[in-house]
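Student: Numbering (our numbering), first residue to last: 68 to 477.
The structure is given below, and queries will be raised subsequently.
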């Protein structure tokens with residue numbers, strides 16, 4: 068089958084999450100993605116070059132297992148090259164000379180020290196799209212600092228609106244949101260650069276994406292509140308920081324938790340609220356005919372709603388609320404979410420063949436196209452598993468490949 072990026076070649080030197088995930092989405096779209104690792108493998112790989120697992124590694128049937136590595140490196144071919152040696156860099160140049168996209172998330176300056184900076188590579192391959200993901204971007208006073216997802220969540224102010232305003236330490240989202248948003252930003256920027264190159268018969272471009280800016284852009288307008296109104300948003304607890312008194316999160320039912328989006332500023336939701344809660348002495352107030360009046364008393368109205376909810380089971384409440392037009396869902400743990408019938412109906416999880424575990428279940432790509440489709444998931448490459456085949460595709464003969472192996476360059 069022809070996929071959207073079937074004719075695109077990507078060289079991926081990404082590590083951990085943001086870089087590998089960006090390249091992974093390109094692989095989902097059909098690109099030939101070659102993951103280049105040092106001879107001992109990248110940081111998230113569950114075992115080193117000897118096959119020995121690191122301390123504390125997850126295992127399946129005694130074999131080392133890295134869920135993140137498998138997920139973010141699906142559908143790629145795997146190559147090992149020693150980029151710290153001149154001949155290894157020569158191999159890398161041969162791979163990049165024919166590539167359409169280069170993805171890396173090394174700290175600023177590393178690529179230049181390896182001879183793989185943007186200026187060097189664009190001279191060799193003017194059509195190359197060069198995607199660089201860092202903690203803070205390539206410029207600015209923080210550019211040289213190391214960046215990780217948790218660092219971005221805290222320095223960006225994102226963590227300041229999570230949780231509750233008490234003496235406990237600030238928290239981070241347990242999802243690596245800065246990494247994910249940076250990966251999507253780099254993906255969309257790279258696809259735009261490819262489109263511009265091909266439609267306009269132009270050259271490649273450099274993509275400079277930071278975890279910090281990707282996250283700052285996605286904090287639900289908090290910076291617009293501060294920059295235009297001078298107000299510093301505070302933690303919303305279970306609710307939205309912008310409406311901390313309005314129920315917009317989990318509340319207790321008779322036998323569990325239900326997440327409810329009690330949008331009191333919506334006339335439709337308010338009409339449903341009045342029917343369900345049936346407290347005319349409360350809901351009949353004239354001020355509630357206007358959304359501003361309802362939001363002024365959001366705490367009181369939310370408390371009355373929670374009294375209604377507490378008398379109902381989770382199942383009854385969820386059905387009743389959704390039927391009435393008030394968005395609601397059961398609060399699930401990961402296991403409960405995985406077992407939802409809806410997940411099976413949408414093929415959210417796929418069982419795939421795996422050389423170590425025989426079978427492994429991976430989360431499907433969130434990308435979707437009705438006509439061209441998305442690549443079926445395949446397991447992440449074993450360390451260096453495709454080195455010979457990739458080098459042969461690049462024009463190396465058997466003798467040259469054997470010489471590189473003998474010199475421990477691949």
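Where a beta carbon is used, it is the ideal one built from N, C-alpha and C, also for glycine.
Determine the contact status of residue 85 and residue 246, defining contact as a CB-CB distance below 8 Å.
Tutor: Contact: yes.
Student: Under the DSSP definition of a beta bridge, which residues are partnered with residue 428?
Tutor: According to DSSP, residue 428 bridges with 418.
Student: Quick test of your reading: residue 147 and residue 106, contact by CB under 8 Å. State the CB separation rounded to the nearest angstrom.
Tutor: 5 Å
Student: By Cβ distance, which residues of its chain are closer than 7 Å to residue 185, with the 5 residues on each side in sequence left out?
Tutor: 197, 273
Student: Just to confirm before moving on: does the CB-CB distance between residue 344 and residue 395 stay below 8 Å?
Tutor: no
Student: For residue 117 and residue 238, I'd like the C-alpha separation in whole angstroms.
Tutor: Here the model assigns residue 117 a pLDDT of 49, short of 50, so the residue's position is not dependable, and the following value carries that caveat. Rounded to the nearest whole angstrom, the C-alpha separation of residue 117 and residue 238 is 37 Å.
Student: Do you know how far the Cα of residue 104 is from the Cα of residue 192?
Tutor: 21 Å
Student: Identify, in the order they occur along the chain, each residue of the same chain with its Cβ nearer than 7 Å to the Cβ of residue 473, setting aside the five sequence neighbours on each side.
Tutor: none
Student: Under 8 Å, do residue 166 and residue 235 count as touching if we go by C-beta distance?
Tutor: no
Student: May I ask you to list the residues that DSSP assigns as paired with residue 169?
Tutor: 78, 197
Student: Comparing alpha-carbon positions, which option in 357, 253, 229, 110 lies nearest residue 338?
Tutor: 357
Student: Taking 7 Å as the limit between beta carbons, can you name the residues of its chain near residue 335, skipping five residues before and five after?
Tutor: 392
Student: Can you look up residue 299 in the DSSP assignment and give me helix, strand or coil?
Tutor: Coil, per DSSP.
Student: So which of 89, 387, 141 has the shortest CA-CA distance to residue 253?
Tutor: 89
Student: Closest to residue 377 by C-alpha separation, out of 319, 470, 397, 228, would be which residue?
Tutor: 319
Student: Looking only at C-alpha atoms, which of 327, 307, 371 sits nearest to residue 228?
Tutor: 307
Student: If you drop the 5 nearest sequence neighbours on each side, which residues of the same chain put their C-beta closer than 6 Å to that of residue 315?
Tutor: If we look at residue 315 and ignore the five residues flanking it on each side, its Cβ neighbours are 306, 307, 328.
Student: Go through its chain and collect everything with a Cβ distance to residue 223's Cβ below 6 Å, but skip five positions before and after it.
Tutor: 279, 282, 283
Student: Since residue 395 is in the beta strand (DSSP E), which residue starts that stretch and which ends it?
Tutor: In this chain, the beta strand (DSSP E) harbouring residue 395 covers 395 to 397.
Student: Should residue 122 be labelled buried (16 or more other beta-carbon atoms within 10 Å of its own) or exposed?
Tutor: With a pLDDT of only 49 at residue 122, under 50, the local geometry of the prediction cannot be trusted, and no value is derived from it.
Student: Does residue 99 come out as helix, strand or coil in the three-state DSSP assignment?
Tutor: strand
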